[in-house]
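*Asks:* Here it is, the structure, as structure tokens.
2 protein chains.
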Amino acid sequence: MARVAGLDVLDVRFPTSRELDGSDAMNPDPDYSAAYVVLRADRGPDGYGLAFTIGRGNDVQAAAIRALAPLVVGRPVPETARDLAALYRDLVGDSQLRWLGPEKGVAHMALGAVVNAAWDLAARRAGLPVWRFLSALTPDEVVDLVDFRYLSDALTPDEALALLREAEPGKGERTAALVRDGYPAYATSPGWLGYSDDKMAELARRAVADGFDMIKLKVGGSLADDVRRLRLAREVVGPDVRIAVDANQRWDVGAAVAWVRELAPFDPYWVEEPTSPDDVLGHRAIARAVRPVKVATGEHVQNRVVFKQLLQADAVDVVQIDACRVGGVNENVAILLLAAKFGVPVCPHAGGVGLCELVRHLAMFDFVAVSGTTEDRAVEWVDHLHEHFTDPAEVRAGRYRAPTEPGFSARVKDRTLADFRYPDGPVWTNLEAR
Amino acid sequence: MARVAGLDVLDVRFPTSRELDGSDAMNPDPDYSAAYVVLRADRGPDGYGLAFTIGRGNDVQAAAIRALAPLVVGRPVPETARDLAALYRDLVGDSQLRWLGPEKGVAHMALGAVVNAAWDLAARRAGLPVWRFLSALTPDEVVDLVDFRYLSDALTPDEALALLREAEPGKGERTAALVRDGYPAYATSPGWLGYSDDKMAELARRAVADGFDMIKLKVGGSLADDVRRLRLAREVVGPDVRIAVDANQRWDVGAAVAWVRELAPFDPYWVEEPTSPDDVLGHRAIARAVRPVKVATGEHVQNRVVFKQLLQADAVDVVQIDACRVGGVNENVAILLLAAKFGVPVCPHAGGVGLCELVRHLAMFDFVAVSGTTEDRAVEWVDHLHEHFTDPAEVRAGRYRAPTEPGFSARVKDRTLADFRYPDGPVWTNLEAR
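Going down the list, the sequences are from chains F and Z.
Each number in this note's numbering corresponds to the 1-based position in the first sequence with 3 added.
Each number in this note's numbering corresponds to the 1-based position in the second sequence with 3 added.
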């Protein structure tokens, strides 16, 4: 029996703030970073995972992952859904570490990184990409992945089982459709707040030419700028391309409503993160006031309990899961099931470092085995940093191609790890030396 | 002008799990711990603060505090409310570190520890205990301490100002009353889940004899045990002493309602942490179902945004602030103002390491300058680990004495720091050697 022989953590950072890639109303100068974890097996392939941060504090994130090593090292290498469920429960259940959350923030992202690395490892051993590994599970096995604690007032195991069974017919056809057509994507690359109007317009034009039918603009810095940029983008892309706007938590409830109303003439499709990700009631108030503009959130929603409430309160029209914010695949399966129960589409958050690579697997699993549809669904696409991954996400004609390599696509190239290691990799020492 | 010359962090742990002190339904074997911070000034007194954890992960908490050092070291030593507000805003506003929360979990507790150390430092320089330092501020100065972001749909600066002005008359009398009579306490020491019936009954009897008119029992392990223990406690203390029960997040919504109904014949005063601290809507559902039993929560409520919603939703009857979970004094002032706005009493969480020492200052400030009353209010009292502090909390006849030493009472004795340092202090190396 193979065992987990070690858990290594690397602090990897990219100096993205130099180009204003990723700039928005709350994050003016991010250095996209990963607290990267390698689960070393004593035989066979290793497993890879990461927590995404935007620079400072990536060392804290790495320390939080290291704190989980005693719970993982020495275990049998997880191979089955049951093994992965047991690992997730043991990590969530550590009563002393639980105090650091519970199930939120640094400690929870650390747990997610390790859980995802375990999924990567199990899928590699099975010779399957994670979306196929997940899609091949029975409804009972999927239900067993989920921690229903705090969910039963909204979703019971029996209800989840019924949802999954309902989605069984057509799994084969949907799998074939994914392989053939891929999964819808939308393009955020045009919309960073630090870009000039010209650059934004050119990138928007190119996105449409490349086959995207939805783009996203960052807003929330200045209303006058936002009106001008949204008007320009609408002129460039025409009336049939969806334009989402993303405020990155910039507003209070009243400000969000007032601001979105000023943007409404340009037909924004959704407003994303209008306020604090913790504010369920605030999102409800905003949603009621700005519909038919949809309200989307999720990249900073800390766990399934907050997603549950956003859905119970009818506070969101779009659920944005993130592969690396919550407790890994297991908790994201819970969130997909909650969204399906409430009939709300999931449009995953991506970008960052590796988020496109990982989350596409979850969207594809949702299509094959949970919601059974791609209608009004799309995964965010940001075209940077993919070259650092051994199994990079690929978008063609506005659609994510289905991954074919075994695992969760989380592995970073060795060369990148050497170059971008913080603070002592050559990219950083050279920047320091300038 | 004095400057902050350094920020030191120590990992201090107490082997409390050996005695089952602190054991409850979710935390069977805590080792009460502190990530302890010293803000060193280049002249004059230093400042002290801490984040409380229950063992594993205290090193992660310490790393998160260290990550804040570049934002603090080299600054002028904070002296005024304005300085302290500026420090808090700079720490909350770091856009890269914000990603680790935002404003929750490890990163936010770290911020709270540093903010509290800055308050300790400023109050020491002023020669005042923090409760007097705070109480001497004008309403405008108090309002300036608060970050109203995400609050304005529930509380505006003008409303906060009006509340504080309304509380101005009588501040002198209330201060004198505190000095004379102290502030009400309630006793949790009898109720740990790991204690035998006999030990619980004896401690409950002693608490009443010592002058407490309220005690608290941990529940949520087994219903039969809880019924037996609550019945016994009620017999021991009689009908006039309040008995709160604390489930430490053990239940889902339905289970909480069913369980509390079984305990209702023994007249529990409040049920504390019936479910996830993130579940605003869950608390509302429980509160509606179990009243007149009150619902209390807060020790794990991550920030002012969640407290805001608990109040907006009429989901809690008692607000339990914690000195070290949120963003320090500044955010706790926001929470006190929110509670006052909604007319909900604040009964602070304490215990742990140093929580009694710190939070009594905030309760006393609330009495003097915010709510103006102690009716249905009491600060938790757990009688252990106080001997490790240079200005220990003291309860006489069921009431906290008003602190008289300058500062926030957060300083740990040098001897304790040497003995309990983890993992290399002699207490731990001796345990290892056994």
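Even glycine gets a Cβ: it sits at the ideal position worked out from N, Cα and C.
(1) Of the residues Z:Asn-61, Z:Val-40, Z:Ala-44, which one's Cα is nearest the Cα of Tyr-425 (chain Z)?
(2) Quick check on DSSP: helix, strand or coil for Thr-300 (chain F)?
(3) What first and last residue would you give for the alpha helix (DSSP H) that runs through Leu-74 (chain F)?
(4) Determine the contact status of Gly-214 (chain F) and Gly-401 (chain F), defining contact as a CB-CB distance below 9 Å.
(5) Measuring alpha carbon to alpha carbon, tell me which of F:Leu-53, F:Ala-163, F:Ala-299, F:Leu-388 ends up nearest Trp-122 (chain F).
(6) Got a sec: is the Cβ-Cβ distance from Gln-99 (chain F) to anything in chain Z below 9 Å?
(7) Distance check for Arg-437 (chain Z) and Arg-404 (chain F), CA to CA, integer angstroms please.
(8) Helix, strand or coil for Trp-384 (chain F)? Go by DSSP, reduced to three states.
(9) Are the CB atoms of Ala-170 (chain F) and Ala-366 (chain F) within a distance shorter than 9 Å?
(10) Using 10 angstroms around the beta-carbon of Asn-30 (chain Z), count the other beta-carbons present and answer buried if the total reaches 16, otherwise exposed.
(11) From Gln-312 (chain F) to Tyr-153 (chain F), what does the alpha carbon distance come to, in whole angstroms?
(12) Identify the continuous beta strand (DSSP E) that holds Tyr-51 (chain Z) and give its terminal residues.
(13) At which residues does the beta strand (DSSP E) containing Val-41 (chain F) begin and terminate?
(14) Would you say the segment 76-92 of chain F touches the segment 298-313 of chain F, given that touching needs at least three Cβ pairs under 8 Å?
(15) How would you label Lys-202 (chain Z), buried or exposed, when you count the other beta carbons within 10 angstroms and need 16 or more for buried?
(16) Under 7 Å, CB to CB, which of the residues in the segment 422-433 of chain Z have a partner in chain F?
(17) Identify whether Met-203 (chain F) lies in helix, strand or coil by the three-state DSSP scheme.
(18) If distances are taken between C-alpha atoms only, which option among Z:Ala-139, Z:Thr-159, Z:Asp-216, Z:Asp-156 comes closest to Gly-175 (chain Z)?
(19) So which residues of chain F does His-303 (chain Z) contact, with C-beta pairs closer than 7 Å?
(20) Please confirm whether Leu-475 (chain F) and Trp-134 (chain F) have their CB atoms less than 9 Å apart.
(21) Are three or more beta carbon pairs between the segment 43-57 of chain F and the segment 290-298 of chain F nearer than 8 Å?
(22) Comparing the C-beta of Tyr-153 (chain F) with each C-beta of chain Z, is any distance below 9 Å?
(23) Tell me which residues share the same chain as Asp-325 (chain Z) and place their Cβ nearer than 6 Å to its Cβ, disregarding the 5 neighbours each side in the sequence.
(24) Check the Cβ of Ala-337 (chain F) against every Cβ in chain Z and list those closer than 7 Å, keeping chain order.
(25) Specify the secondary structure class of Pro-395 (chain Z) as computed by DSSP and reduced to three states.
(26) If you follow the beta strand (DSSP E) that Trp-273 (chain Z) is part of, which residue opens it and which one closes it?
(27) If you drop the 5 nearest sequence neighbours on each side, which residues of the same chain put their C-beta closer than 6 Å to that of Val-222 (chain Z)?
(28) Put Val-3 (chain F) into one of helix, strand or coil per three-state DSSP.
(29) Check whether the Cβ atoms of Leu-124 (chain Z) and Val-145 (chain Z) lie closer than 9 Å to each other.
(30) Comparing the C-beta of Asn-333 (chain Z) with each C-beta of chain F, is any distance below 9 Å?
(31) To the nearest angstrom, how far is the alpha carbon of Leu-388 (chain F) from that of Arg-380 (chain F)?
(32) Along the segment 272-284 of chain F, what residues have a CB closer than 7 Å to any CB found in chain Z?
(33) Assuming Ser-192 (chain F) is part of the beta strand (DSSP E), what are its boundary residues?
(34) Taking Cβ positions, are Phe-450 (chain Z) and Gln-305 (chain Z) nearer each other than 9 Å?
(35) Under 8 Å Cβ-Cβ, which residues of chain Z neighbour Pro-31 (chain F)?
(36) Taking 9 Å as the threshold (beta carbon to beta carbon), is Lys-311 (chain F) in contact with chain Z?
*Replies:* On the basis of the coordinates in this document:
(1) Here residue 425 (chain Z) refers to the residue found at position 422 of the second sequence. Checked all of Z:Asn-61, Z:Val-40, Z:Ala-44; the closest Cα to Tyr-425 (chain Z) is Z:Asn-61.
(2) In the first sequence, counting from the first residue as 1, residue 300 (chain F) sits at position 297. Strand.
(3) Counted from its first residue, the first sequence places residue 74 (chain F) at position 71. DSSP places Leu-74 (chain F) inside the alpha helix (DSSP H), whose first and last residues are 72-75.
(4) Indexing the first sequence from 1 puts residue 214 (chain F) at position 211. Indexing the first sequence from 1 puts residue 401 (chain F) at position 398. Contact: yes.
(5) Position 119 of the first sequence, counted from the start, is the residue given in the question as residue 122 (chain F). It is F:Leu-53 whose Cα lies nearest to the Cα of Trp-122 (chain F).
(6) For the purposes of this step, residue 99 (chain F) is taken as residue 96 along the first sequence, with counting starting at 1. Taking a beta-carbon distance threshold of 9 Å, Gln-99 (chain F) counts as an interface residue toward chain Z.
(7) In the first sequence, counting from the first residue as 1, residue 404 (chain F) sits at position 401. In the second sequence, counting from the first residue as 1, residue 437 (chain Z) sits at position 434. Cα atoms of Arg-404 (chain F) and Arg-437 (chain Z): separation of roughly 58 Å, rounded to the nearest angstrom.
(8) Your numbering for residue 384 (chain F) matches position 381 in the first sequence. Residue state, collapsed to three classes: strand.
(9) The residue given as residue 366 (chain F) occupies position 363 in the first sequence. The residue given as residue 170 (chain F) occupies position 167 in the first sequence. No; because the gap between Cβ atoms is not below 9 Å, this pair is not in contact.
(10) Position 27 of the second sequence holds residue 30 (chain Z). Under this definition Asn-30 (chain Z) is a buried residue.
(11) Within the first sequence, residue 312 (chain F) is the residue found at index 309, counting from 1. Within the first sequence, residue 153 (chain F) is the residue found at index 150, counting from 1. Roughly 11 Å between the two C-alpha positions.
(12) Indexing the second sequence from 1 puts residue 51 (chain Z) at position 48. Residues 50-56.
(13) Position 38 of the first sequence, counted from the start, is the residue given in the question as residue 41 (chain F). Boundaries of the beta strand (DSSP E) harbouring Val-41 (chain F): 36-44, taken from the DSSP string.
(14) Touching, no, given that fewer than three Cβ pairs across the two stretches are closer than 8 Å.
(15) On the second sequence, position 199 is the one that residue 202 (chain Z) refers to. Lys-202 (chain Z) counts as exposed, since fewer than 16 other beta carbons sit within 10 angstroms of its beta carbon.
(16) Taken residue by residue, none of the segment 422-433 of chain Z has a beta-carbon sitting less than 7 Å from a beta-carbon on chain F.
(17) In the first sequence, residue 203 (chain F) corresponds to position 200, counting from 1. In the three-state reduction of the DSSP assignment, Met-203 (chain F) falls in the helix class.
(18) Numbered from 1 along the second sequence, position 172 holds the residue referred to as residue 175 (chain Z). Nearest option by C-alpha distance: Z:Ala-139.
(19) Your numbering for residue 303 (chain Z) matches position 300 in the second sequence. Within chain F, Pro-105 have C-beta atoms less than 7 Å from the C-beta of His-303 (chain Z), given in sequence order.
(20) Outside the modelled stretch of chain F, which goes from 4 to 437, sits residue 475 (chain F), for which no answer is possible.
(21) When C-beta atoms of the segment 43-57 of chain F are compared with those of the segment 290-298 of chain F, fewer than three pairs fall below 8 Å, so the two segments do not count as touching.
(22) Taking the first sequence and counting its residues from 1, the one referred to as residue 153 (chain F) is at position 150. It does; some Cβ of chain Z falls within 9 Å.
(23) Start at 1 with the first residue of the second sequence, and residue 325 (chain Z) comes out as number 322. Correct list, in chain order: Glu-302, His-352.
(24) Here the question's residue 337 (chain F) lines up with position 334 in the first sequence. By Cβ distance, chain Z contributes nothing, its closest Cβ being about 13 Å from Ala-337 (chain F), past 7 Å.
(25) Within the second sequence, numbered from 1, the residue matching residue 395 (chain Z) stands at position 392. It is coil, neither helix nor strand.
(26) Counted from its first residue, the second sequence places residue 273 (chain Z) at position 270. Where Trp-273 (chain Z) is concerned, the enclosing beta strand (DSSP E) starts and stops at 271-275.
(27) For the purposes of this step, residue 222 (chain Z) is identified with residue 219 of the second sequence, where counting begins at 1. For Val-222 (chain Z), where only same-chain residues beyond five positions count, the Cβ hits under 6 Å are Asp-229, Val-248, Ala-250.
(28) Missing from the structure shown is residue 3 (chain F); chain F here goes from 4 to 437 and no further.
(29) Working through the second sequence from its first residue, we reach residue 124 (chain Z) at position 121. Working through the second sequence from its first residue, we reach residue 145 (chain Z) at position 142. Not a contact, by the Cβ cut-off of 9 Å.
(30) Within the second sequence, the letter at position 330 stands for residue 333 (chain Z). Answer no: the Cβ-Cβ gap between Asn-333 (chain Z) and chain F never drops below 9 Å.
(31) Taking the first sequence and counting its residues from 1, the one referred to as residue 388 (chain F) is at position 385. Taking the first sequence and counting its residues from 1, the one referred to as residue 380 (chain F) is at position 377. Those two C-alpha atoms are separated by around 24 Å.
(32) For the segment 272-284 of chain F, which is checked against every Cβ of chain Z, the residues closer than 7 Å are Thr-278, Ser-279, Asp-281, Asp-282, Val-283, Leu-284.
(33) Here residue 192 (chain F) corresponds to residue number 189 of the first sequence, with the count starting at 1. Looking at the DSSP string, the run of the beta strand (DSSP E) that includes Ser-192 (chain F) is 186-194.
(34) Outside the shown range of chain Z, which is 4 to 437, sits residue 450 (chain Z), and nothing can be said about it.
(35) In the first sequence, the residue the question calls residue 31 (chain F) occupies position 28. Contacts between Pro-31 (chain F) and chain Z, judged by CB atoms closer than 8 Å, involve Ser-98 in chain order.
(36) Here residue 311 (chain F) refers to the residue found at position 308 when the first sequence is read from its first residue. Contact of Lys-311 (chain F) with chain Z is assigned, a C-beta pair being separated by under 9 Å.
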